[in-house]
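Input: a single structure, listed below in structure tokens.
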């Protein structure tokens, strides 16, 4: 009995002590810090959501085609060709390079015959495979080059020909510029590439591809239908 | 006597369990930190990974994709240092449950995606097949560990213990 009273008194004393510390207990401080950090994480999410909405009205390069009114790709070939081919690619992606090397001649021939037009979507899916966000930078540079009629197809081949290894540093902007002039772009392309003029466009087309359920590169569509990445599927689709 | 001093009923957590909970905390927390880090370095990929499941409405996809990596790192750090273990374990278990539902659903619908757990952006490696079975087994294991930590959060070597321990001498001074 005495023991119980004693414990009750102790508990009362403890309660008083807790009140006296008036919200400054280490546990409370830690709790507040953690709650604030969680709120910051959610706040960052909200901020990011809004940023991606802003990217929707980014500058659009001259070569971007109004396919379905979205201007999310760069047109190569005759705009009135019967078939439309969409190639979703990443200049950092080795399989995309292999696809271009193997299928390029077939595609080029079909484009030259006016059978098909190709809309290139240079995405930034693989930024984590370089220390310099090469996927994003190469896509921006390709958009800059598309401003010069006829230079883009050559630039695609040059970028694949000089593709940097994964998990490296990517090509420096200076090399993106020199390859661009080599593809036929004027010297002013340097400003466009160095100023990342089309960063918003790159973000937008990458987002748009993801929304179109493109989950990997290369993804190739003919008239809106995904085809397998084989010579056979390509020949059949272009026939 | 212990019960009187701490103000909680004496519930002896076996020594082996205390150490098991510590290991479980470190495993779950370590996985969170790794998963959060690989996602936070490329937020765009994290958003695309969320979208690849085709489950959430598009309006919430960027929010979830951007906030999730930071939340994962935060929960991971809390578990590793042993702060608010019960709450962080419950959050861990709920997140794992959500992932298990998402992966099962992707599997059931025949989607060909990577779970995006470690920053792949939901992209399968070229020529690779989905590994839903392994991903589900891993998340189920982590779910069980998180539930154990939530059930007996008083593991060894935790900041929670330090916070609780601090209140005792101060209250005894008063009496």
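Chains as they are written, first to last, in the working numbering: chain A, 1 to 239; chain Z, 1 to 175.
Ideal Cβ placement from N, Cα and C applies to all residues, glycine included.
Query	Result
Exposed unless 16 or more other CB atoms sit within 10 angstroms - verdict on residue 133(A)	buried
Neighbour-count burial assignment, residue 101(Z), 16 or more Cβ in a 10 Å radius	exposed
Beta-carbon neighbours of residue 42(Z), restricted to chain A and to distances below 7 Å	127 and 128
Contacts that residue 18(Z) makes with chain A (C-beta to C-beta distance below 8 Å)	Under the 8 Å cutoff, chain A gives no residues; its nearest Cβ is about 20 Å from residue 18(Z).
Chain Z contact residues for residue 38(A), given Cβ-Cβ distances below 8 Å	71 and 74
Chain D contact for residue 65(Z) (CB, 9 Å cutoff)	The structure shown has no chain D; the protein chains it does contain are A and Z.
Chain-ordered neighbours of residue 89(A) on chain Z, where CB pairs are closer than 8 Å	Those do not exist, as residue 89(A) stays about 13 Å from chain Z at its closest Cβ, beyond 8 Å.
Same chain only: Cβ atoms within 6 Å of residue 189(A), ignoring 5 sequence neighbours per side	144 and 180
Residue-level contact to chain A via CB, residue 45(Z), 9 Å cutoff	yes
Rounded distance between the beta-carbons of residue 48(A) and residue 137(Z), thought under 8 Å	At roughly 32 Å, the Cβ-Cβ gap does not stay under 8 Å, so residue 137(Z) and residue 48(A) are not in contact.
CB contact below 9 Å: residue 26(A) versus chain Z	yes
Top-ranked residue by Cα proximity to residue 119(Z), from 155(Z), 68(Z) and 78(Z)	68(Z)
Spatial neighbours of residue 68(A) in its chain, beta-carbon cut-off 6 Å, leaving aside the 5 residues before and after	For residue 68(A), the pLDDT reaches just 48, beneath the cut-off of 50, and the residue's location in the model is therefore unreliable, although a value from the coordinates is still provided. No residues qualify anywhere along the chain.
Buried or exposed (CB count within 10 angstroms, at least 16 for buried), residue 51(A)	exposed
Cβ of residue 68(A) within 9 Å of any chain Z Cβ	Bear in mind that a pLDDT of 48 at residue 68(A), under 50, signals an unreliable position, so the number given afterwards is only what the model happens to contain. No, residue 68(A) does not count as interfacial toward chain Z.
CB-CB length for residue 122(Z) against residue 113(Z), believed under 8 Å	5 Å
Buried versus exposed, by CB contacts within 10 Å (16 or more), residue 92(A)	buried
8 Å contact criterion, which residue 50(Z) and residue 92(Z) should meet: CB distance rounded	Not quite, the Cβ-Cβ distance comes to about 18 Å (not below 8 Å), so this is no contact.
Residue 89(A) vs residue 218(A) beta-carbon contact at 9 Å	yes
Uninterrupted beta strand (DSSP E) stretches inside the stretch 72-157 of chain A (no shorter than 3 residues)	73-76, 83-89 and 116-122
Counterpart residues of residue 222(A) in DSSP-defined beta bridges	85(A) and 225(A)
Three-pair Cβ contact test at 8 Å for the stretch 149-162 of chain A versus the stretch 94-102 of chain A	yes
Closer than 9 Å to chain A by CB, residue 34(Z)	no
Three-state class that DSSP yields for residue 64(A) in the structure shown	strand
Cβ pair count under 8 Å reaching 3, the stretch 208-218 of chain A against the stretch 150-159 of chain A	no
Alpha helix (DSSP H) segment containing residue 38(Z), residue limits	15-40
Residue of 231(A), 229(A), 221(A) and 172(A) minimising C-alpha distance to residue 87(A)	221(A)
Minimum C-alpha distance to residue 86(Z) - residue among 150(Z), 108(Z) and 131(Z)	150(Z)
Coil, strand or helix - residue 168(A) by DSSP	strand
Chain-ordered chain Z contacts of residue 46(A) [CB-CB under 7 Å]	63
CA-to-CA distance, residue 39(Z) to residue 165(A), given in whole angstroms	21 Å
Start and end residues, alpha helix (DSSP H) containing residue 132(Z)	132-151
Short CB-CB distance (under 9 Å) between residue 85(Z) and chain A	no
Cα-Cα separation between residue 73(A) and residue 26(A), rounded to whole angstroms	56 Å
Supposed contact pair residue 117(A) and residue 81(A) - C-beta distance, whole angstroms, cut 8 Å	4 Å
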